[in-house]
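Engineer:
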Amino acid sequence: MSTFTLPKAFPIPVVGIGPGSQPAAPDLNYLPLPRLLDGFDMPWLPTAEETAHLGNAKALVAELIRRMQAWDGTSEPYPSLQLNGLDRDGRTLVSQLLGEGEVSARVRCLNGHELLIQESVFAGVWRVLETDADGQPLADRIEACAIPAAVWQQARAFGRRELTPFDPAGVALMNAPAVLAEVAERAAAYQDGDEDHVINFSLLPMTPEDMAYIDANLGGGNSGVFSRGYGKCRVMATGLQNVWRVQYFNGMNAILLDTLEITRMPEVALAAADDLADAIERLQEALDWLTGEQVA
């Protein structure tokens, strides 16, 4: 998985004497303001005439829209369509239409396969590529949902159900034992539908030894979700079922918020119902363009 590193120190400029040669007063130095949120941009698409021979790809998009319209937004199975039957040009068109959104995920399955997941520019519409242990493609599909279920299903299948903290071997700890006791109790009792339980390390007096002990006891999981939108976010499964490490970073890759969440899937990784409804409308607009039925 990717790791975040702090950037190199900003070089000190060489200045002479006179006006502007002295550093500004400390109270006038501010961090740069964050950029504005990006709005939705329809991906660039070829014309209906240029794609007249790609009827199968257009039919697949139409079927995706139909299934999303018929879906209640929460139940499983959710809409899922295989792209394996499309030829190269058809897949290229679908890739152009979907574009690349701000959220991606990676899952190592228990059978040795790997899932590479990318959200499209239409929130809640995901491209899922499944490969074997050697990296050879096995399946290519579109899934419309809050997040592909394999992310949390494989994390749950991989994780342990119970946590028994090991002896810290004489290392002085502050709050780690109490935190792990709370995690063990909550994780063992968790059932789907329960309210999320969040432990915020950013608000707790935790020593480096505390954090190392917690990380060693929980262990790493096999699923990770990454968002590069307005502020970076990393959602990582741990080695304990239904326990996720959620970290938010600023523009300098420094951690702003560091939490453990006991839940099926942290809400920050999920596409909202409103996003999915909007995706249907946007997809229809794109299909209308490809079929030459757009309103002037």
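So the mapping is simple: my numbering equals the position in the sequence shown, first residue as 1, plus 8.
Backbone N, C-alpha and C define an ideal beta-carbon position, used for all residues, glycine too.
#1: Start and end of the alpha helix (DSSP H) containing Q104?
#2: Are the CB atoms of A287 and A154 nearer to each other than 8 Å?
#3: DSSP three-state call for G244: helix, strand or coil?
#4: Report yes if the CB atom of L298 is closer than 8 Å to the CB atom of A131, and no otherwise.
#5: Just to confirm the assignment, what range does the beta strand (DSSP E) spanning Y86 have?
#6: So within the segment 51-82, which uninterrupted beta strand (DSSP E) runs reach at least 3 residues, ignoring any that extend past its ends?
#7: Any heavy atom of the ligand MG closer than 7 Å to the Cβ of A192?
#8: With a CB to CB cut of under 8 Å and the five nearest residues on each side skipped, what residues in its chain are close to A70?
#9: Would you mind sorting S83 into buried or exposed? The rule is 16 or more other CB atoms within 10 Å of its CB.
#10: Q144 to P156, Cα distance in whole Å?
#11: On a CA-only basis, which of A277, W52, V102, Y86 is nearest G63? Give me that one, please.
#12: Which complete beta strand (DSSP E) runs does the segment 254-302 hold, if anything under 3 residues is left out?
#13: Which value, in whole angstroms, describes the spacing of the CA atoms of L105 and R114?
#14: Using the beta-carbon count (16 or more within 10 Å), is P213 buried or exposed?
#15: Note down the Cα distance separating L305 from R236, rounded to an integer number of angstroms.
#16: Are the segment 135-143 and the segment 248-255 in contact at 8 Å, needing three or more beta carbon pairs?
#17: Give me the Cβ distance between I222 and A184, rounded to the nearest whole Å; I'm assuming they're in contact under 8 Å.
#18: What first and last residue would you give for the beta strand (DSSP E) that runs through P145?
#19: So the candidates are E110, M219, L72; which of them puts its Cα closest to the Cα of F234?
#20: Let me confirm a value: A195 is counted as buried when at least 16 other C-beta atoms fall within 10 Å, else exposed. Which label applies?
#21: Within 10 angstroms of the Cβ of G93, are there 16 or more other Cβ atoms? Answer buried if so, exposed if not.
#22: Could you tell me how far apart the beta carbons of G232 and T246 are, in whole angstroms, since I believe they sit closer than 8 Å?
#23: For G300, which residues of its own chain have a beta-carbon under 7 Å away from its beta-carbon, when the five flanking residues on both sides are left out?
#24: Measuring alpha carbon to alpha carbon, tell me which of K66, Q77, E108 ends up nearest L91.
#25: Would you mind sorting L68 into buried or exposed? The rule is 16 or more other CB atoms within 10 Å of its CB.
#26: Helix, strand or coil for R194 per DSSP?
#27: The beta strand (DSSP E) spanning N208 covers which residue range?
#28: My guess is that L181 and D218 are in contact by the Cβ rule of under 8 Å, so how many angstroms apart are they, rounded?
Structural biologist: Reading it off the structure:
#1: First-last of the alpha helix (DSSP H) with Q104: 96-106.
#2: No, Cβ-Cβ distance for A287 and A154 is not below 8 Å.
#3: Sequence inspection shows Met at residue 244; the Gly mentioned does not correspond to that position. Of the three classes helix, strand and coil, the one that applies to M244 here is strand, per DSSP.
#4: The answer is no: Cβ separation not under 8 Å.
#5: Judged by DSSP secondary structure, Y86 falls outside any beta strand (DSSP E); it is assigned neither H nor E.
#6: List check, beta strand (DSSP E) in window: nothing returned.
#7: Ligands displayed in this structure: none; no statement on the ligand MG is therefore possible.
#8: Exclusion of the five residues before and after A70 leaves L295 as the residues of its chain whose Cβ lies within less than 8 Å of its Cβ.
#9: Exposed is the call here.
#10: Their backbone Cα atoms lie some 21 Å apart in a straight line.
#11: The option with the nearest alpha carbon to G63 is V102.
#12: Entirely contained in the segment 254-302, the beta strand (DSSP E) runs reaching 3 residues are, in chain order, 263-270.
#13: Rounded to whole angstroms, L105 and R114 show a C-alpha spacing of 22 Å.
#14: P213 comes out exposed.
#15: The structure shown does not extend to residue 305, since the chain is modelled only from 9 to 304, so the question has no answer here.
#16: Output reads no: the segment 248-255 does not touch the segment 135-143.
#17: Right, the Cβ-Cβ distance comes to about 5 Å (below 8 Å), so this counts as a contact.
#18: Segment 145-152, the beta strand (DSSP E) holding P145.
#19: Measuring from the Cα of F234, the nearest candidate turns out to be E110.
#20: Classification for A195: buried.
#21: Exposed, since its Cβ has fewer than 16 Cβ neighbours within 10 Å.
#22: About 11 Å separates the two Cβ atoms, so there is no contact after all.
#23: Closer than 7 Å at Cβ, skipping near neighbours: A56.
#24: Residue nearest to L91 within the set K66, Q77, E108 is K66 (criterion: CA-CA distance).
#25: Looking at its Cβ environment, which holds 16 or more other Cβ atoms inside 10 Å, L68 is buried.
#26: In the structure shown, R194 sits in a helix (DSSP, three-state: H, G or I).
#27: Start and end: 205-208.
#28: L181 to D218, Cβ: 6 Å. Contact.
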